[in-house]
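J.: The structure follows.
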Amino acid sequence: EARLRLERAGSIVFKDASANKGGVTSSSLEVLAALSFNDEEFAQHMQVTEDHIPAFYQDYVKEVQTIIERNAQLEFDALWREHQRTRTPRSILSDDLSLAIVKLNENLQHTSLWDNVALRKVVLEEAFPNLLLKTLGLDTLMKRVPENYVRAIFGSYLASRFVYKYGTEPSQFAFFEFMSPYFSKVQQ
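Below you can see the structure in the form of structure tokens.
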């Protein structure tokens with residue numbers, strides 16, 4: 028209620044659900060790294076000691092920060108655009124965007140898109156952190172990381188990118204348009 032009053036009075040308010048996603052992203056990517064490496068590799072690449080910070084760890088932290096910044100920009104742009112289009116308060120739009128992403132993610136995980144291995148690889152090449160891909164390769168990541176976790180990455184990546192681009196009320200053909208570049212990459 029207070030957020031809505033502030034917005035009606037002219038304040039620009041971003042709900043904590045939008046403002047605090049960086050922590051969730053950071054934790055998820057830390058878990059992903061732990062699942063990706065075997066014990067020896069984890070100790071070599073991720074284990075910080077009193078006198079040593081591995082180069083991989085330092086670079087991974089930088090990449091995680093870049094991913095958080097990119098995701099925050101996408102969410103900000105979507106909130107701003109949806110507010111301009113609908114005049115709906117941003118604090119409500121924040122919930123609407125999150126709900127749309129969660130619903131689409133759930134739906135995507137139960138479609139045949141996942142069964143298209145070539146498409147799956149194209150999407151995961153974008154969704155996984157580049158440093159993990161460079162260090163281990165996609166095939167190793169897909170073998171080591173539990174399938175339900177990889178499915179969640181696949182679904183949430185597509186869902187968030189789609190909702191951030193097309194909003195909460197896309198046209199019937201928007202998802203087809205959104206997926207076209209992915210299918211084009213599959214055919215190359």
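My numbering puts the first residue of the sequence shown at 28, with every later residue one more than the last.
Glycine included, each C-beta is placed from N, C-alpha and C at the ideal position.
Excluding the 5 residues flanking G182 on each side, which residues of the same chain have their C-beta closer than 7 Å to its C-beta?
T.: Around G182: N132, L135 and Q136.
J.: Counting along the chain, where does the alpha helix (DSSP H) carrying V149 start and finish?
T.: Here the alpha helix (DSSP H) through V149 covers V144 to A154.
J.: Only counting the same chain, and skipping five residues up and downstream in sequence, which positions put a Cβ closer than 7 Å to that of S63?
T.: Within the same chain, S63 has close Cβ partners L159, L163, L168, R171 and V172.
J.: Candidates S55, E109 and L106: which alpha carbon is nearest Y87's?
T.: Here the closest residue by C-alpha is S55.
J.: Out of D142, Y191, S187 and D166, which one is the CA nearest neighbour of E222?
T.: No information on residue 222 is available, as it lies outside the stretch 28 to 215 that the chain covers here.
J.: Hey, which unbroken runs of the alpha helix (DSSP H) at 4 residues or more fall wholly within the region 113–190?
T.: If we require 4 residues or more, the alpha helix (DSSP H) runs fully inside the region 113–190 come out as 117–135, 144–154, 157–163 and 165–171.
J.: Do the region 187–199 and the region 114–131 meet, that is, are 3 or more Cβ pairs less than 8 Å apart?
T.: A contact exists between the region 187–199 and the region 114–131.
J.: Indicate the three-state DSSP secondary structure (helix, strand or coil) for T52 in the structure shown.
T.: If DSSP states are grouped into helix, strand and coil, T52 belongs with the helices.
J.: Are L126 and A105 touching if we call contact CB-CB under 8 Å?
T.: Not closer than 8 Å, so no.
J.: Can you tell me whether L146 is buried or exposed? The criterion is at least 16 other CB atoms within 10 Å of its CB, across all chains shown.
T.: Label assigned to L146: buried.
J.: Starting from F202 and walking both ways along the alpha helix (DSSP H), at which residues does that stretch end?
T.: Run containing F202: A201 to Q214, per the alpha helix (DSSP H) assignment.
J.: Could you check where the alpha helix (DSSP H) with H72 kicks off and where it finishes?
T.: Here the alpha helix (DSSP H) through H72 covers D66 to H72.
J.: Taking the DSSP output, what are the residues bridged to H79?
T.: BP columns for H79 point to T76.
J.: CB V129 to CB L185, shorter than 8 Å?
T.: Result no, Cβ atoms of V129 and L185 do not sit closer than 8 Å.
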